[in-house]
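Take a look at the structure below.
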Amino acid sequence: MYEKDSSAEAVILSDYGVSELRYNQSKGFQLHFERVRRVKILTKEGLDWADFNIYLYNNTTDEEKISGLKAVTYNLENGKIVETKVKSESIIKEKYSENTSITKVTWPNVKIGSVLELTYSITSDFVFNFQDWEFQSKIPTIWSEYRTKIPEYYYYEKFMQGYVVLDVVEDSKSNSSITFSTRERSEGYVTQSTVSVDKVDYIENRNRWVAKDVPAFKEEPFMTSETDFISKINFELSYTRFPNSGTKQYMGTWADINKSYLEVLGEEIRGNNFLKKQVEELTAGKETPEDKIASIFWYVRSNIQWDGLIRKYPTHTMRKVIEDKKGSTAEINILLASMLEKANVKANPVLISTRDHGFVREATPVSSQFNTVVCQAKWGDKYLLLDATDKLLPIGMLPERCLNGKGFSVSPEGFNWVNLAPTAKTRTSISVDLSLTDEDILTGKLKIDRSGYHSVGRRRLFLSKGKDEYIKNLIGDKSWVLSKSEFQNESDPQQPFKEAHEVAISEHMMIAGSTYYISPFIMGKEESNPFRSETRNYPVDFGAPFEQIYILKLTIPSGFSVEDIPKSKVMALPGNTAKYILNVSHSGNSINVTSSFSINKGIFNQEEYGNLREFFNQVVSKQAEQIVVKKN
Numbered sequence: 014m015y016e017k018d019s020s021a022e023a024v025i026l027s028d029y030g031v032s033e034l035r036y037n038q039s040k041g042f043q044l045h046f047e048r049v050r051r052v053k054i055l056t057k058e059g060l061d062w063a064d065f066n067i068y069l070y071n072n073t074t075d076e077e078k079i080s081g082l083k084a085v086t087y088n089l090e091n092g093k094i095v096e097t098k099v100k101s102e103s104i105i106k107e108k109y110s111e112n113t114s115i116t117k118v119t120w121p122n123v124k125i126g127s128v129l130e131l132t133y134s135i136t137s138d139f140v141f142n143f144q145d146w147e148f149q150s151k152i153p154t155i156w157s158e159y160r161t162k163i164p165e166y167y168y169y170e171k172f173m174q175g176y177v178v179l180d181v182v183e184d185s186k187s188n189s190s191i192t193f194s195t196r197e198r199s200e201g202y203v204t205q206s207t208v209s210v211d212k213v214d215y216i217e218n219r220n221r222w223v224a225k226d227v228p229a230f231k232e233e234p235f236m237t238s239e240t241d242f243i244s245k246i247n248f249e250l251s252y253t254r255f256p257n258s259g260t261k262q263y264m265g266t267w268a269d270i271n272k273s274y275l276e277v278l279g280e281e282i283r284g285n286n287f288l289k290k291q292v293e294e295l296t297a298g299k300e301t302p303e304d305k306i307a308s309i310f311w312y313v314r315s316n317i318q319w320d321g322l323i324r325k326y327p328t329h330t331m332r333k334v335i336e337d338k339k340g341s342t343a344e345i346n347i348l349l350a351s352m353l354e355k356a357n358v359k360a361n362p363v364l365i366s367t368r369d370h371g372f373v374r375e376a377t378p379v380s381s382q383f384n385t386v387v388c389q390a391k392w393g394d395k396y397l398l399l400d401a402t403d404k405l406l407p408i409g410m411l412p413e414r415c416l417n418g419k420g421f422s423v424s425p426e427g428f429n430w431v432n433l434a435p436t437a438k439t440r441t442s443i444s445v446d447l448s449l450t451d452e453d454i455l456t457g458k459l460k461i462d463r464s465g466y467h468s469v470g471r472r473r474l475f476l477s478k479g480k481d482e483y484i485k486n487l488i489g490d491k492s493w494v495l496s497k498s499e500f501q502n503e504s505d506p507q508q509p510f511k512e513a514h515e516v517a518i519s520e521h522m523m524i525a526g527s528t529y530y531i532s533p534f535i536m537g538k539e540e541s542n543p544f545r546s547e548t549r550n551y552p553v554d555f556g557a558p559f560e561q562i563y564i565l566k567l568t569i570p571s572g573f574s575v576e577d578i579p580k581s582k583v584m585a586l587p588g589n590t591a592k593y594i595l596n597v598s599h600s601g602n603s604i605n606v607t608s609s610f611s612i613n614k615g616i617f618n619q620e621e622y623g624n625l626r627e628f629f630n631q632v633v634s635k636q637a638e639q640i641v642v643k644k645n
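Per our numbering, residue 14 is the first one in the sequence shown, and the count goes up by one each step.
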């Protein structure tokens, strides 16, 4: 057990890394990265830490190279330390993405109490791909140290993220030098070789960062990618400046990035003239830009299947995409933009970073922050963000994976940042009309209307699994009997997904003698507070605002009296960023409950967390209150 975190399944004893630029006479400066890491396994669940991945970058002509790879398991057996080395067959190299491969290491003879040691080096000609360093992991870290040695010719932007305070931050300068050897051969009857040696002195900038006793990174509900919040230091090559030569910019500006993407994506949008005839047919009789956009959008979305690949550049021609009837996110959305352009609708590509890829730092103009592209259609002072990859989303609503801050709109008039948050609120409305029978069963009708993102998952389940499986999923482990079910707009994402059921329920109430305790919420209830931690270092990101309406009419038979009902209540956070309204009334033998729960913005910052957590506490508590009736 690790005394500072009794729940830890493993602990990083030490993690040491150093990156430096070394001069190679035949290749120039190369990146060298060395790492030594030791992990102790504490529990059975910690055995999963016996697998480790090393990511290596490559392009069409070169790749990063790993060397000195050594992995050893240390166990204490009969009072002696026993070493077990990883065999070559336990080291596997696989392709991960277009420009990345993975070297997978699996330690042998791992058990509770084992210490796993890993040593390796990476040599890279890609000086822009400087190694970032994570001081924090999903398990505690006792010591994490990173050092860098960078010649004065290279300038990297460095930025920290996360909430771990470093214990050591040092920077210094050191004198260093490069020695060049050249060999010259003389001409004549006797050939002689002369070796000359030249030396160049330069300043080397050195840094050292240390974090001690780092707590484990804990995932919280409603987070984007953990890469946004885990404590680490990031590097981006900004520029190089060598003696007797000018400055070479690598990072550039957002204007530079706009220009470079215009040359590729803009040209692709303006080209593809073979699409003109198809567009003319699709837009025949369409007078307004809105109608033209809708017609082209539905054509692309209906005819081109998303292949599951998330890309920011097309890798196939638009003609091939149409012929194959499939494409990546970039290919589908650039095809859409190109067709809109043929209909005289201005269409810009919008570069974004998906939620699992991390948020975009506007202060750091680096295109690697983006991993996909959507389409922006503009007319007059209006615009619409479009993504035609998901067949179950209405026009103008981006997939949830895209709801991540702002997008970078590429345009000949200059770049622009556009808000990716949806304009329409996601909504679920539940209407229940129940009667308590003499057999102590609740019977009646249940209606559910879902719109926006709430409709997508349910509609996808219905279309993929069918009606019977959908109903089984809806009931789950509840003691319900549905005698009749009807559905509307199953295949029309522009309309709410509606369902209606006739239901008999033999639960949601407890009987104690002649007293009945009935839960008003047969569904749509916050069973527990998702925010359990008292404090939180990260924003709460719901993705999109949403609203849930629940209406109950409960009829009790004659011979019963109403003993107690939940008290009506209104709760709201400052600025109405979240609001809950509960209205309860009864008249005669009828009890009416209306519940309205709304989250009115997508992101709550850390300072708002305490109020948000307490808001959910009160909602959970309020929805747990019961209706009490008594048989006379």
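We put the CB at the ideal spot given by N, CA and C, even for glycine.
Using only alpha-carbon positions, find the residue among the options that is nearest to residue i.
i	options	result
Asn-357	His-329, Lys-339, Ser-381 and Pro-302	Pro-302
Asn-432	Phe-475, Asp-462 and Val-373	Val-373
Glu-102	Leu-89, Glu-90 and Thr-119	Thr-119
Ser-611	Lys-117, Phe-628, Gly-284 and Ile-604	Phe-628
Leu-397	Lys-478, Asp-446 and Lys-305	Lys-305
Pro-153	Ser-315, Ile-25, Ala-591 and Ile-191	Ile-25
Ala-401	Ala-585, Lys-395 and Phe-310	Phe-310
Asp-369	Phe-383, Asn-361, Thr-377 and Ala-376	Phe-383
Leu-131	Phe-148, Glu-90 and Val-52	Val-52
Glu-96	Phe-428, Pro-121 and Asp-462	Pro-121
Trp-62	Thr-73, Asn-486, Gly-371 and Gly-126	Gly-126
Met-236	Leu-565, Glu-638, Pro-552 and Tyr-563	Pro-552
Gly-371	Lys-83, Phe-242 and Ser-504	Phe-242
Lys-647	Ser-532, Ala-23 and Ser-110	Because the chain is modelled from 14 through 645, residue 647 falls outside the range shown and cannot be assessed.
His-521	Pro-378, Lys-480, Ser-448 and Phe-573	Ser-448
Lys-404	Leu-278, Asn-316, Ser-498 and Glu-183	Asn-316
Glu-294	Tyr-312, Leu-179 and Thr-56	Tyr-312
Gln-149	Ser-598, Arg-35, Ser-27 and His-45	Ser-27
Tyr-563	Leu-399, Ser-110 and Asp-462	Asp-462
Asn-72	Asn-91, Lys-108 and Val-49	Lys-108
Glu-512	Leu-487, Lys-395 and Asp-211	Leu-487
Lys-582	Thr-568, Ser-571, Thr-590 and Val-606	Val-606
Tyr-376	Gly-265, Asp-145, Ile-578 and Tyr-15	What sits at residue 376 in the sequence shown is Ala, not Tyr. Among Gly-265, Asp-145, Ile-578 and Tyr-15, the Cα nearest to that of Ala-376 belongs to Gly-265.
His-45	Met-14, Val-123, Glu-90 and Tyr-133	Tyr-133
Between the C-alpha atoms of residue i and residue j, what's the straight-line distance to the nearest angstrom?
i	j	result
Glu-239	Gln-291	44 Å
Gln-561	Ser-442	6 Å
Gln-619	Leu-625	10 Å
Lys-339	Thr-330	12 Å
Val-642	Lys-458	21 Å
Ser-80	Gly-259	35 Å
Glu-170	Thr-296	49 Å
Gly-465	Ser-19	43 Å
Lys-261	Glu-249	14 Å
Trp-267	Asn-361	16 Å
Ile-115	Phe-65	10 Å
Val-99	Lys-57	20 Å
Ile-323	Asn-346	11 Å
Leu-82	Ile-104	10 Å
Asn-645	Ser-609	33 Å
Ala-84	Leu-129	7 Å
Leu-425	Leu-278	According to the sequence displayed, residue 425 carries Pro and not Leu. When rounded, the distance between both Cα atoms is 11 Å.
Gly-427	Pro-378	15 Å
Lys-162	Phe-475	57 Å
Could you check whether residue j and residue i sit closer than 7 Å to each other, using their CB atoms as the reference points?
i	j	result
Ser-422	Val-363	yes
Tyr-87	Glu-77	no
Glu-217	Ser-244	no
Gly-284	Leu-416	no
Lys-225	Trp-156	yes
Met-173	Ile-246	yes
Phe-193	Asp-211	yes
Could you give the C-beta distance for residue i and residue j, rounded to a whole number, given that I count them as a contact under 8 Å?
i	j	result
Lys-359	Trp-319	Not confirmed; about 25 Å, so no contact.
Val-181	Arg-221	6 Å
Ser-444	Lys-419	Not quite, the Cβ-Cβ distance comes to about 37 Å (not below 8 Å), so this is no contact.
contact_flag[the segment 32-43, the segment 130-141] where n(CB pairs < 8 Å) is 3 or more: Proximity of the segment 32-43 to the segment 130-141 meets the contact definition, three or more beta-carbon pairs being nearer than 8 Å.
At least 3 beta-carbon pairs within less than 8 Å: the segment 446-460 vs the segment 628-640: Taking 8 Å as the limit for Cβ pairs, the verdict is that the segment 628-640 does not touch the segment 446-460.
Stretch pair the segment 492-503 + the segment 515-533: three plus CB contacts closer than 8 Å: Flag = yes, the segment 492-503 and the segment 515-533 touch.
contact_flag[the segment 500-507, the segment 531-538] where n(CB pairs < 8 Å) is 3 or more: Because the criterion of three Cβ pairs below 8 Å is not met, the segment 500-507 and the segment 531-538 do not touch.
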